[in-house]
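Residue numbers (this note's numbering): 65 to 737.
All residues carry an ideal CB built from backbone N, CA and C; glycine is no exception.
Here's the structure, in structure tokens; my notes come after.
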Ligand code: IVH
């Protein structure tokens, strides 16, 4: 059928197919709102490929079929930039931003400035050249004057238009635009997982992954690396001039480029500061790494008059977010014992400042993690602390490894009691097998008294240390036989505080079954499973009597958890402790279910910020007692977000998604309703 087509018909059909495909690429990759199914899209591509195969002389470089058709190269040709790709001056505080405004005010007396703020993407600066609306060349920043020609690789990025859509920029004889190529975080995580499975080295961060991808010798490899690009600058548009940066961003969008949806126009410097703070707070939700906010003078006439130094434009400044990565040295690796006897390695670091906190320790998790990253004492490591997340080691800086380091060998003895340590097959952790190990006991007591378990106020770490070290407390039950005089004899205890602790321990007798189960430190039984067990069985005796298969049938309790529960209650040491707990008067039944209606039945609720009278714990209990469920992040399915003082981005999420927001009084009213 194809062969019977005339060349002219084929040319027309090819043009038509390409236009359709470009259009669908734009909808999918730039606007993220596709209008056709994958199958329909694939059919268009197939038709185009077939036609081009029959009429090879009609193939052009900007055809969608050519996105990954470039041939591998050994070298990238140098590209002289039409105008230098400059760096940016930095601001690290609102004061620096005000100083920036004062500086431009002095340079242009009498001018009033408005600004555009955009996330500063942590990617790679790239310049794209279009002739008559067709993409002809793309180059890296290089040293700012000369970059490298990476056209075939950039053609593989689907959000970069091959042919411009509409508007002034689409018709410019020559157009050069600039922006940032980056790898979205989710894609980065996927890529690293795949690399890890294949046993190939992973990338330290999305930026490195993106840099590696654009400099691939083979575009087919780049095509498999999911890159994206935001455009933020028109460096040359023959025959066209815009009044403001904001208008430029509009024109870029109309032409079919992707611009940052979080860009904001600000009329005052106060608004700029607020925007910078907002973006810093939201940085984890952006989906890509941003290391700051670029603040640009909006009026292009102002930009022109302010000009540039050899290093940076005078009309822009980068407000830098607090750094989250740093390098530091591993001084030692310590192994500690957890409450279930698991040996956990912690690296002691040369102290380093990271996002406003001094980091001295970082968990190395387990033996495999140390081996996989080949972390050694004496190594310099790159660490990161993202959002609320605890710091972790990204990778070793091998270039800085001293000559005499040794791979770390995991101890086969408990570093606390000298007992035999053992790593069960299939498990990640080595465990101390000595059930009387004092380090384990201290951890277990700490957990037993913690807020979400028996909630024993005043039972601090140093008290636990002394009680165990003096041999006075050998298990949980011993806590309940302590007298005020005994506690008063410990270091740092006045009579009054000793009495307070005795009272707090006494009060914990009545916490009920769910908390007790959590407090016992049964492997794999945390708050959630404890609650399930308490609701299903109602008493400790009933749980102790349940078989593995019965337990496994409780919704939410798997085989492994069931096995761990049975093993716990079978252990004679544990049986003795439970007997003694009963003897000292602990309530081992579920608390009587509160009578009355459950006004929050089936509702999911997010708590954010601090409430005027209720602690976080108290609010949670109240909600759960009323039948509601507290979840940690806001989605459209969330019923209420309870907002307190200094609420974070969750309040913004709620506003954005239209979720009902309540204050403490509102929550209390609901519960009482
Ligand atoms: S404007 C002359 N806007 O940051 C205009 N740059 O440290 C200067 N960058 O080389 C660039 N996001 O690669 C601008 N929204 C943004 C940016 C951005 C990231 C990069 C760009 C630049 C580097 C300077």
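Quick check on residue 586: buried or exposed, where buried means 16 or more other Cβ atoms within 10 Å of its Cβ?
buried
Less than 7 angstroms between the CB of residue 149 and some heavy atom of the ligand IVH, yes or no?
yes
By the three-class DSSP mapping on this structure, what secondary structure does residue 656 have?
Low local confidence applies: a pLDDT of 49 at residue 656 is under 50, so the model's placement there is unreliable, with the coordinate-based value given in what follows. Coil at residue 656, not helix or strand.
Does the distance from the CB of residue 309 to the CB of residue 360 come in under 8 angstroms?
yes
So, using beta-carbon positions, are residue 445 and residue 394 closer together than 8 angstroms?
yes
Might you give, ordered along the chain, the residues of its own chain that have their beta carbon closer than 6 angstroms to the beta carbon of residue 418, omitting 5 neighbours on each side?
Here the set comprises 390 and 449.
I'd like the list of long-range same chain contacts for residue 99, defined as Cβ closer than 8 angstroms, with 5 residues on each side in sequence excluded.
Here residue 99 has 88 and 91 as same chain residues with Cβ atoms under 8 angstroms from its own Cβ, once five neighbours each way along the sequence are excluded.
In the structure shown, what three-state DSSP assignment does residue 192 receive?
It is a strand residue.
Going by DSSP in three states, residue 228 sits in which element: helix, strand or coil?
coil
Spell out the partners DSSP gives residue 400 in its beta bridges.
408
By DSSP, does residue 735 sit in helix, in strand, or in coil?
helix
Is residue 240 near the ligand IVH, going by C-beta to nearest heavy atom under 7 angstroms?
No, Cβ of residue 240 sits at least 7 angstroms from all heavy atoms of the ligand IVH.
For a minimum of 3 consecutive residues, which ranges assigned as the beta strand (DSSP E) are wholly contained in the region 325–390?
328–330, 354–361 and 380–384
Assign residue 623 to one of two classes, buried (16 or more other C-beta atoms within 10 Å of its C-beta) or exposed (fewer than that).
exposed
Let me check you understand the geometry: is the CB of residue 87 closer than 7 angstroms to at least one non-hydrogen atom of the ligand IVH?
no
Pull up the CB-CB distance for residue 493 and residue 406, whole angstroms please, since I reckon it's below 8 angstroms.
4 angstroms
The beta strand (DSSP E) that contains residue 199, what's its start and end?
198–204
Which residues in the same chain have their Cβ closer than 6 angstroms to the Cβ of residue 384, if we skip the five residues on either side of it in sequence?
Hits under 6 angstroms: 154, 156 and 356.
Within a Cβ cutoff of 6 angstroms, which residues of the same chain sit near residue 84, ignoring the five residues on either side of it in sequence?
108
Measuring straight from C-alpha to C-alpha, what distance separates residue 674 and residue 569?
Roughly 27 angstroms separates the two Cα atoms.
Contact check, residue 192 vs residue 218 under 8 angstroms by CB: the rounded distance?
7 angstroms
Which one or two residues does DSSP pair with residue 427 in a beta bridge?
Looking at the DSSP output, residue 427 shares a beta bridge with 410.
Excluding the 5 residues flanking residue 464 on each side, which residues of the same chain have their C-beta closer than 6 angstroms to its C-beta?
444
With a threshold of 8 angstroms, are at least 3 pairs of Cβ atoms found where one atom belongs to the region 306–324 and the other to the region 222–236?
In short, these stretches touch, since the Cβ pair count reaches three.
Taking the beta strand (DSSP E) that residue 245 belongs to, which residues open and close that run?
238–246
Look at the Cβ atom of residue 440, then the Cβ atom of residue 353, and state whether they are nearer than 8 angstroms.
No, these two residues do not count as a Cβ contact at 8 angstroms.
If you pair each beta-carbon of the region 284–301 with each one of the region 236–249, do three or more pairs fall below 8 angstroms?
yes
Please classify residue 656 as buried or exposed, where buried requires at least 16 neighbouring CB atoms within 10 angstroms.
For residue 656, the pLDDT reaches just 49, beneath the cut-off of 50, and the residue's location in the model is therefore unreliable, leaving the point undetermined.
For the region 473–535, which segments carrying the alpha helix (DSSP H) assignment without a break, of at least 4 residues, lie completely within its bounds, in sequence order?
502–513 and 525–533
Say whether chain C places a C-beta atom closer than 8 angstroms to the C-beta of residue 370.
Among the protein chains of the structure shown there is no chain C, as only one such chain exists.
Along the alpha helix (DSSP H) that carries residue 283, what are the first and last residues, could you check?
283–288
Quick check on the burial criterion: 16 or more other C-beta atoms within 10 angstroms. Buried or exposed for residue 260?
exposed
Counting pairs of Cβ atoms below 8 angstroms between the region 692–701 and the region 662–673, do you hit three or more?
yes
Determine the DSSP secondary structure at residue 76, reduced to helix, strand or coil.
Here residue 76 sits in helix by DSSP.
So does residue 155 have its beta carbon nearer than 7 angstroms to some heavy atom of the ligand IVH?
no
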